[in-house]
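Undergrad: The sequence shown runs 0 to 440 under numbering that gives the first Met the number 0.
Below is the structure I would like to discuss, written out as structure tokens.
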Amino acid sequence: MSPDQDHRHADEAGAARHLTLTVGAPAAGGTFVARHEGRVVFVRGTAPGETVTARVLEDPSEATSARFWRAETVDVLEAGLDRVPTVWPEAGVDGVGGAEWAHIALPAQRRIATEVMQDLLRRAGVTSYPLQDVQVEPAPHDMDGLGWRTRVRFAVDEHGRVGMRGWRSHEVREVGDNPLAAQAIRDLGLGAWTAPPGTEAVDVVAPSAGPASVVLIGRELDPAGLEVPQAWGDADVSVRTARGLVPLHGDGTVRERVGERLFTVSATGFWQVHRRAAELLSEVVSDALRAPRGGSAWDLFGGVGLFAAVAADQVGPDGQVLTVEGNRRASVLAAENLQDLPQVSAATADVTDWVRARKGGVDCVVLDPPRSGAGVELIGLLTAKVRRRIVYVSCEPSTLARDLAAAERAGWSVVDVRAFDLFPHTHHIESVTVLEPGSTR
Ligand SMILES: C[S@@+](CC[C@H](N)C(=O)[O-])C[C@H]1O[C@@H](n2cnc3c(N)ncnc32)[C@H](O)[C@@H]1O
Numbered sequence: 000m001s002p003d004q005d006h007r008h009a010d011e012a013g014a015a016r017h018l019t020l021t022v023g024a025p026a027a028g029g030t031f032v033a034r035h036e037g038r039v040v041f042v043r044g045t046a047p048g049e050t051v052t053a054r055v056l057e058d059p060s061e062a063t064s065a066r067f068w069r070a071e072t073v074d075v076l077e078a079g080l081d082r083v084p085t086v087w088p089e090a091g092v093d094g095v096g097g098a099e100w101a102h103i104a105l106p107a108q109r110r111i112a113t114e115v116m117q118d119l120l121r122r123a124g125v126t127s128y129p130l131q132d133v134q135v136e137p138a139p140h141d142m143d144g145l146g147w148r149t150r151v152r153f154a155v156d157e158h159g160r161v162g163m164r165g166w167r168s169h170e171v172r173e174v175g176d177n178p179l180a181a182q183a184i185r186d187l188g189l190g191a192w193t194a195p196p197g198t199e200a201v202d203v204v205a206p207s208a209g210p211a212s213v214v215l216i217g218r219e220l221d222p223a224g225l226e227v228p229q230a231w232g233d234a235d236v237s238v239r240t241a242r243g244l245v246p247l248h249g250d251g252t253v254r255e256r257v258g259e260r261l262f263t264v265s266a267t268g269f270w271q272v273h274r275r276a277a278e279l280l281s282e283v284v285s286d287a288l289r290a291p292r293g294g295s296a297w298d299l300f301g302g303v304g305l306f307a308a309v310a311a312d313q314v315g316p317d318g319q320v321l322t323v324e325g326n327r328r329a330s331v332l333a334a335e336n337l338q339d340l341p342q343v344s345a346a347t348a349d350v351t352d353w354v355r356a357r358k359g360g361v362d363c364v365v366l367d368p369p370r371s372g373a374g375v376e377l378i379g380l381l382t383a384k385v386r387r388r389i390v391y392v393s394c395e396p397s398t399l400a401r402d403l404a405a406a407e408r409a410g411w412s413v414v415d416v417r418a419f420d421l422f423p424h425t426h427h428i429e430s431v432t433v434l435e436p437g438s439t440r
């Protein structure tokens, strides 16, 4: 094969190919749609209306047969109206992950997220709710989308350098700063620290009450030899090895305040990430649930009991709330956090198994599954057992859309959707959807 033929072959196959693309509508996953010779290309690192040079990411051997290609922006030839100087120069196509829309103006991010969410619901066939009413709202008082992240996982390379993973890569990159992180996390100065040998990651939490928490993670780490840097001040410090969590300073938990109530959360356990999320979602769920006084409610995928507290308030002392969570430690903490509310009981179980085995129905349900969503089976079980309302808190609109369509097929209707930008400068969307039995069509 001559060099010319070789070049043409590579070109036909799209090998490491650079394309000039005109970028159009947003797609799921934070990308935008462009077309090249009829083929759809999902481009990252760009914005609607731009002309860019983009590198095709498809493996050359598979590019010809691929239905669509993925590409990343290497040069912006004509900037779109939504492009602004990035809020985090170290993030992006050639930098770290976690801020893939940092180069897009914040109001435009919300407009784009709204388009994505409406489109996912439409494609899934959700018809009982006017989709133009689904609008992504900012979190209250969030003016710049910075300083919101209360939980950050840092990566550590083989030399102990603490950084973050590259965008869609496992490579550990140095980071001088993370403007999305809460100030208490930035103040720890982890980028300038060298972790002890065997450290694989560092989990940092800036809770709403009490000191920050640092957890060094490494299967073979030796907690005995660890020297805590002065810059960490009064932060709690733990080590998580293959044998479990060993607290060195503090007890391996953090405290979160929502209104008057304090929740204890494991230092490595789930809690809403945006510093305003727990309070905001509690208020929205409280407005949405409408559990009757003296009635019953289930809080599914309940974590340490955030929404069970809301439900307990509504049903009152003569009602009953069951909170169900798969992680045993979180479930034990839920029982402790809500021990002043005798109407609440906590169960450790797989949610679908638990609902399937449950005899009898319930007035209202709040569910807050991980990104994989509730799933069609669980939705089928709930639509048969819930008498009044299902409030679905979601962090992934594609699985939400699938589940809402399943609820509609079972004869239920969507009566309200609130969507929130609780992950500014990323494409992620949080939402709270209310479902009721019966048809609105
Ligand atoms: C998005 S979090 C919500 C937690 C809680 N509602 C909150 O707001 O703090 C999802 C929770 O579901 C739990 N989980 C995931 N899969 C589960 C399953 N199949 N059964 C029970 N719990 C599960 C996780 O451990 C996690 O605590």
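Glycine is no exception: its CB is placed at the ideal position from the N, C-alpha and C atoms.
These numbers were taken from a predicted model, which means no experiment stands behind them.
1. Quick one: Cα of Val-161 to Cα of Asp-176, how far?
2. For Trp-270, is the beta carbon positioned less than 7 Å from some heavy atom of ligand 1?
3. Roughly how many angstroms lie between the CA atoms of Val-364 and Val-433, to the nearest whole one?
4. With contact counted as at least three CB pairs below 8 Å, one residue from each stretch, are the stretch 340-348 and the stretch 322-329 in contact?
5. Between which two residues does the beta strand (DSSP E) holding Arg-121 run?
6. Under 7 Å from any heavy atom of ligand 1, does the C-beta of Leu-244 make it?
7. Nearest to Arg-355 by CA position, among Phe-67, Arg-54, Leu-56 and Val-385, is which residue?
8. May I ask you to report which of helix, strand or coil DSSP gives Thr-19?
9. Can you give the Cα-Cα distance for His-248 and Val-39, rounded to whole angstroms?
10. Which residues share a DSSP beta bridge with Pro-25?
11. Checking 8 Å against the spacing of the C-beta atoms, do Ala-112 and Val-135 come in under that value?
12. Would you identify the three-state DSSP class for Ala-241, choosing helix, strand or coil?
13. In terms of residues, what are the limits of the beta strand (DSSP E) holding Ala-346?
14. Cβ-heavy atom distance between Leu-261 and ligand 1 below 7 Å?
15. Under a three-way DSSP split, which group does Pro-222 fall into?
16. Give a single yes or no on whether Asn-460 has its beta carbon closer than 7 Å to a heavy atom of ligand 1.
17. My output table needs one value for Gln-182: the three-state DSSP class, helix, strand or coil.
18. Taking 7 Å as the cut-off, is the beta-carbon of Leu-288 closer than that to any non-hydrogen atom of ligand 1?
19. Val-203 and Leu-189 look like a contact to me (Cβ under 8 Å); what is the Cβ gap, rounded to whole Å?
20. Exposed or buried, which one is Asp-233 when buried takes at least 16 other CB atoms within 10 Å?
21. Please name the residue or residues paired with Met-163 in a DSSP beta bridge.
22. Please report the residue range of the beta strand (DSSP E) in which Thr-50 lies.
23. Which same chain residues end up closer than 6 Å to Leu-340 when comparing Cβ atoms and leaving out the 5 residues on each side of it in sequence?
24. Any heavy atom of ligand 1 closer than 7 Å to the beta-carbon of Gly-410?
25. Helix, strand or coil for Glu-282, going by three-state DSSP, please let me know.
26. Which same chain residues, not among the five before or five after Val-227, have their C-beta less than 6 Å away from its C-beta?
27. Do you know how far the Cα of Ala-307 is from the Cα of Ser-281?
28. Given that a residue counts as buried once 16 or more other Cβ atoms are within 10 Å of its Cβ, and exposed if not, what is Glu-36?
29. Using DSSP with H/G/I as helix, E/B as strand and the rest coil, what is Phe-306?
30. When the Cα atoms are used, what is the spatial distance from Ala-78 to Gln-108?
31. Is the beta carbon of Phe-306 within less than 7 Å of some heavy atom of ligand 1?
32. According to DSSP, simplified to helix, strand and coil, what is Pro-206?
33. Taking all protein chains shown into account, decide if Pro-369 is buried (16 or more other Cβ within 10 angstroms of its Cβ) or exposed.
34. Exposed or buried, Gln-4, counting other C-beta atoms within 10 Å across all chains shown (16 or more means buried)?
35. Tell me whether Val-350, by its Cβ, gets closer than 7 Å to a heavy atom of ligand 1.
36. Give the straight-line distance between the Cα atoms of Arg-148 and Gly-97, rounded to the nearest whole angstrom.
TA: Reading it off the structure:
1. Start at 1 with the first residue of the sequence shown, and residue 161 comes out as number 162. Start at 1 with the first residue of the sequence shown, and residue 176 comes out as number 177. Going from the Cα of Val-161 to the Cα of Asp-176 covers about 12 Å.
2. As a position in the sequence shown, residue 270 is number 271, starting the count at 1. Correct: Trp-270 has its Cβ closer than 7 Å to ligand 1.
3. On the sequence shown, residue 364 is found 365 positions in, with the first residue counted as 1. On the sequence shown, residue 433 is found 434 positions in, with the first residue counted as 1. If you take the alpha carbons of Val-364 and Val-433, they lie about 10 Å apart.
4. yes
5. Walking along the sequence shown from the start, residue 121 turns up at place 122. First-last for Arg-121: 105-123, but that is the alpha helix (DSSP H), not the beta strand (DSSP E).
6. Working through the sequence shown from its first residue, we reach residue 244 at position 245. Leu-244 Cβ: outside cutoff for every heavy atom of ligand 1.
7. Taking the first residue of the sequence shown as 1, we reach residue 355 at position 356. Nearest C-alpha to Arg-355: Val-385.
8. The residue labelled residue 19 in the question sits at position 20 within the sequence shown. Residue state, collapsed to three classes: strand.
9. Taking the sequence shown and counting its residues from 1, the one referred to as residue 248 is at position 249. Taking the sequence shown and counting its residues from 1, the one referred to as residue 39 is at position 40. Each residue's Cα considered, the two are about 53 Å apart.
10. As a position in the sequence shown, residue 25 is number 26, starting the count at 1. DSSP, once it has assigned bridges, lists Phe-31 as partnering Pro-25.
11. Here the question's residue 112 lines up with position 113 in the sequence shown. Here the question's residue 135 lines up with position 136 in the sequence shown. A contact, by the Cβ cut-off of 8 Å.
12. As a working mapping, residue 241 is identified with position 242 in the sequence shown. Coil, per DSSP.
13. Here residue 346 refers to the residue found at position 347 of the sequence shown. Note, Ala-346: beta strand (DSSP E), 343-347.
14. Residue numbering aside, residue 261 sits at position 262 when the sequence shown is read from its first letter. No, the beta carbon of Leu-261 sits no closer than 7 Å to any heavy atom of ligand 1.
15. For the purposes of this step, residue 222 is taken as the residue at position 223 of the sequence shown. Of the three classes helix, strand and coil, the one that applies to Pro-222 here is helix, per DSSP.
16. Since the first and last residues shown for the chain are 0 and 440, residue 460 lies out of range.
17. As a working mapping, residue 182 is identified with position 183 in the sequence shown. Gln-182 falls in the helix class under three-state DSSP.
18. By one-based count along the sequence shown, residue 288 stands at place 289. Leu-288: no, Cβ never under 7 Å from ligand 1.
19. As a position in the sequence shown, residue 203 is number 204, starting the count at 1. As a position in the sequence shown, residue 189 is number 190, starting the count at 1. Going by Cβ atoms, the distance from Val-203 to Leu-189 rounds to 7 Å, so yes, they are a contact pair.
20. Here residue 233 is taken as the residue at index 234 of the sequence shown, counted from 1. Exposed, because fewer than 16 other Cβ atoms sit within 10 Å of the Cβ of Asp-233.
21. Residue numbering aside, residue 163 sits at position 164 when the sequence shown is read from its first letter. Answer is Arg-172.
22. For the purposes of this step, residue 50 is taken as the residue at position 51 of the sequence shown. Where Thr-50 is concerned, the enclosing beta strand (DSSP E) stretches over 50-55.
23. Taking the first residue of the sequence shown as position 1, residue 340 is located at position 341. Cβ within range, chain order: Ala-311.
24. Translated into the one-based positions of the sequence shown, residue 410 becomes position 411. Result no, Cβ not under 7 Å from ligand 1.
25. The residue you call residue 282 lines up with position 283 of the sequence shown. If DSSP states are grouped into helix, strand and coil, Glu-282 belongs with the helices.
26. The residue given as residue 227 occupies position 228 in the sequence shown. So the list reads Val-236, once near-sequence residues are dropped.
27. The count along the sequence shown starts at 1 and reaches residue 281 at position 282. The count along the sequence shown starts at 1 and reaches residue 307 at position 308. Each residue's Cα considered, the two are about 10 Å apart.
28. Along the sequence shown, read from residue 1 onward, the residue named residue 36 stands at position 37. It is exposed - the Cβ of Glu-36 has fewer than 16 other Cβ atoms within 10 Å.
29. Position 307 of the sequence shown, counted from the first residue, corresponds to residue 306. In the structure shown, Phe-306 sits in a helix (DSSP, three-state: H, G or I).
30. On the sequence shown, residue 78 is found 79 positions in, with the first residue counted as 1. On the sequence shown, residue 108 is found 109 positions in, with the first residue counted as 1. If I take the Cα positions, the gap works out to 15 Å.
31. Locating residue 306 in the sequence shown gives position 307, counting from the first residue. For ligand 1, at least one heavy atom lies less than 7 Å from the Cβ of Phe-306.
32. Taking the sequence shown and counting its residues from 1, one reaches residue 206 at position 207. Looking at Pro-206 - three-state DSSP - the assignment turns out to be coil, as it is neither helix nor strand.
33. For this step, residue 369 is matched to residue 370 along the sequence shown. Exposed is the call here.
34. Stepping through the sequence shown from its first residue, residue 4 is reached at position 5. Only weak support exists for where Gln-4 lies, its pLDDT of 37 falling under 50; the value from the coordinates is given anyway. So Gln-4 counts as exposed.
35. Here the question's residue 350 lines up with position 351 in the sequence shown. Flag set: Cβ of Val-350 near ligand 1.
36. Here the question's residue 148 lines up with position 149 in the sequence shown. Here the question's residue 97 lines up with position 98 in the sequence shown. Between Arg-148 and Gly-97, the C-alpha separation is close to 11 Å.
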